[in-house]
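If you're matching positions, the sequence shown starts at 0 in numbering that gives the first Met the number 0 and goes up one per residue.
Here's the structure, in structure tokens; my notes come after.
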Amino acid sequence: MDANPSTLRNADRLGFAASFLCAVHCALLPLALALLPALGLNLGGWIDFDQAFVVFATLLGSATLSLGYRRHRAFRAWALLLPGLGLVWLGAFTPLHDHTLGHAAIMVAGGLLLAGAHLVNLRLTHALGGR
């Protein structure tokens with residue numbers, strides 16, 4: 000399984016953007032939880048969105064970094080991805096999934112590590128010049 004270099008770059012860009020947006024979402028979630036009732040809005044079924052995103056981020060990150068590693072043979076991106084995934088899984092699938100400030104901090108840190116992993120993988124792959 001070998002990916003086209005532009006496909007790999009696009010997947011890493013998607014992973015970077017999604018992970019960064021996840022971190023922003025988690026940072027702003029406590030504020031949103033406080034403001035939504037004042038605006039007459041209800042969260043409904045949105046609570047488990049972060050769990051679905053964690054599974055998506057795991058699959059996308061593992062796939063793109065695996066393909067990238069096959070090209071550049073550098074472990075640096077994995078050194079960011081693995082602790083990032085550990086944090087987001089901890090925040091999404093343990094009792095910390097209570098949408099408090101601790102949950103937000105863990106998810107923000109994990110999301111930023113995931114974004115960093117995709118950025119490092121993107122740069123390592125780009126440095127090869129499309130090989």
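The C-beta atom is built at its ideal place from N, Cα and C for all residues, glycine as well.
Taking 8 Å as the cut-off, the beta carbon of Leu79 is found no closer than this to the beta carbon of Leu127. Annotation: the continuous alpha helix (DSSP H) that includes Leu59 extends over 48-71. Closest in C-alpha terms to Ala17, from the list Ala33, Gly109, Pro36, comes Gly109. The alpha carbon of Ala73 has as its nearest neighbour, out of Pro29, Ala116, Val54, the alpha carbon of Ala116. With contacts defined as CB atoms closer than 8 Å, Leu84 and Ile105 fail to qualify as a contacting pair.
Within a 10 Å sphere around the beta-carbon of Val23 sit fewer than 16 other beta-carbons, which makes this residue exposed. Put simply, the backbone Cα of Thr124 is about 14 Å away from that of Phe15. Rounded to whole angstroms, the Cβ separation of Cys25 and Ala91 is 10 Å, and the two are not in contact under 8 Å.
For Leu20, the closest C-alpha among the options Arg69, Leu118, Ala114, Leu7 is that of Ala114.
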